[in-house]
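One structure is given below, encoded as structure tokens.
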């Protein structure tokens, strides 16, 4: 069901009314094709700002005598994986991994997750979103610092999408979990562990390879449509520190829908780590993990 108002799905960002950072996504009026009032929107800085205001009169478009025609997702050509699966010596994220993990393990995750290299920014990494039917939904392009392993956020956040980099016309984005293709490539693992960031999924796959590790790509992207292909699997959610309550609420809703799912409070129980820490931070700090 499509509602009259929804958050703009394009990459366009505005200045947030609260924090004044260019991280504000406005609500879009699907009936008129225009933006709603400027105060209606959400700041992507969920933890540090948290601004979110939605139109109070949001109703299903069906109630407004308008029945939308759903758009089918666009898929990228699979040849792109080979085309961008090169130049790892200049990939900042791969350089960081090689400083902390064995080369054979790094090579394994490069091959399993089809990690790519982009010259959109010098040393940038491509995290392909490949679904359980091995179709490429898109690729997220991000730039990392090769020493710290952190994303480069200054002078701006270095994130883009491959369908935008390639300038694919009339592209219809329908995301899937990062790592979803692992279900098809390796059917012997029945437990799927879900984290927020692609970086964390890859690092955890090296530390605990007996599980499928996947990522939502953002705190707010833990949604039923993305998890639907996992319904016959055991699912464990590993939210970042301070996000347990939000993800646990979603876990309870998914349980009612028949999902075999649990939400770990591992990071909430650790008092000596900062807010926002994730499992990769523990691995890199050489801490033991206990579920």
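Residue numbers (UniProt numbering): 1 to 291.
Note that beta-carbon positions come from the ideal geometry of N, C-alpha and C, so glycine has one too.
In its own chain, which residues sit with a C-beta less than 6 Å from the C-beta of residue i, not counting the 5 before and 5 after it?
{"i": "residue 185", "result": "none"}
{"i": "residue 143", "result": "121, 124, 152, 158"}
{"i": "residue 139", "result": "126, 128, 162"}
{"i": "residue 239", "result": "247"}
{"i": "residue 271", "result": "none"}
{"i": "residue 81", "result": "114"}
{"i": "residue 51", "result": "16, 18, 43"}
{"i": "residue 177", "result": "214, 226"}
Could you round the C-beta distance between residue i and residue j to whole angstroms and report it? I think they count as a contact, below 8 Å.
{"i": "residue 191", "j": "residue 136", "result": "Rounded, the Cβ-Cβ distance is 25 Å, inconsistent with contact."}
{"i": "residue 195", "j": "residue 204", "result": "7 Å"}
{"i": "residue 23", "j": "residue 43", "result": "5 Å"}
{"i": "residue 284", "j": "residue 100", "result": "6 Å"}
{"i": "residue 74", "j": "residue 165", "result": "That pair is no contact at about 14 Å."}
{"i": "residue 47", "j": "residue 217", "result": "That pair is no contact at about 15 Å."}
Could you name the residues that DSSP lists as bridge partners for residue i?
{"i": "residue 213", "result": "193"}
{"i": "residue 124", "result": "118"}
{"i": "residue 331", "result": "Only positions 1 to 291 of the chain appear in this structure, which leaves residue 331 out of reach."}
{"i": "residue 53", "result": "41"}
{"i": "residue 35", "result": "28"}
{"i": "residue 136", "result": "76, 130"}
{"i": "residue 171", "result": "Residue 171 pairs with nothing; no bridge assigned."}
Can you find the residues in the same chain that come closer than 7 Å, C-beta to C-beta, to residue i, ignoring five residues on each side of it along the sequence?
{"i": "residue 119", "result": "none"}
{"i": "residue 63", "result": "Note that residue 63 scores 48 on pLDDT, short of 50, meaning its location in the model is unreliable and no value can be drawn from it."}
{"i": "residue 45", "result": "19, 21, 23"}
{"i": "residue 39", "result": "17, 53"}
{"i": "residue 95", "result": "146"}
{"i": "residue 85", "result": "114, 116"}
{"i": "residue 179", "result": "113, 201, 212, 213, 214, 215"}
{"i": "residue 253", "result": "none"}
{"i": "residue 87", "result": "117"}
{"i": "residue 231", "result": "258, 259"}
{"i": "residue 255", "result": "261"}
Is residue i close to chain B, meaning its C-beta is less than 8 Å from at least one C-beta of that chain?
{"i": "residue 45", "result": "Absent here is chain B; the protein component of the structure consists of one chain."}
With 16 as the cutoff for other CB atoms within 10 Å, does residue i come out buried or exposed?
{"i": "residue 264", "result": "buried"}
{"i": "residue 257", "result": "exposed"}
{"i": "residue 156", "result": "exposed"}
{"i": "residue 241", "result": "buried"}
{"i": "residue 131", "result": "buried"}
{"i": "residue 78", "result": "exposed"}
{"i": "residue 224", "result": "exposed"}
{"i": "residue 109", "result": "buried"}
{"i": "residue 227", "result": "buried"}
{"i": "residue 278", "result": "buried"}
{"i": "residue 198", "result": "buried"}
{"i": "residue 317", "result": "Summary: the structure shown does not reach residue 317, with the chain confined to residues 1 through 291, and so no result is reported for it."}
{"i": "residue 182", "result": "buried"}
{"i": "residue 102", "result": "exposed"}
{"i": "residue 154", "result": "exposed"}
{"i": "residue 33", "result": "exposed"}
{"i": "residue 160", "result": "buried"}
{"i": "residue 9", "result": "exposed"}
{"i": "residue 245", "result": "exposed"}
For residue i, report the span of its beta strand (DSSP E) as first-last.
{"i": "residue 45", "result": "It is not in any beta strand (DSSP E) - residue 45 carries neither H nor E in the DSSP assignment."}
{"i": "residue 94", "result": "That residue, residue 94, is in no beta strand (DSSP E); its alpha helix (DSSP H) goes 92–100."}
{"i": "residue 7", "result": "5–7"}
Grab the span of the alpha helix (DSSP H) containing residue i for me, first residue to last.
{"i": "residue 29", "result": "Careful: residue 29 lies outside any alpha helix (DSSP H), inside the beta strand (DSSP E) at 22–29."}
{"i": "residue 185", "result": "182–185"}
{"i": "residue 245", "result": "244–256"}
{"i": "residue 268", "result": "266–269"}
{"i": "residue 284", "result": "279–284"}
{"i": "residue 110", "result": "103–113"}
{"i": "residue 260", "result": "Here residue 260 belongs to no alpha helix (DSSP H); instead the beta strand (DSSP E) covers 260–263."}
{"i": "residue 236", "result": "Per DSSP, residue 236 belongs to no alpha helix (DSSP H); it is in the beta strand (DSSP E), 234–237."}
{"i": "residue 199", "result": "198–207"}
{"i": "residue 230", "result": "Careful: residue 230 lies outside any alpha helix (DSSP H) and carries neither H nor E."}
Counting only the same chain and skipping the five closest in sequence on each side, list residues whose C-beta sits under 8 Å from that of residue i.
{"i": "residue 71", "result": "172"}
{"i": "residue 36", "result": "5, 26, 27, 28, 29, 55"}
{"i": "residue 188", "result": "none"}
{"i": "residue 7", "result": "25, 26, 27, 28, 41, 42"}
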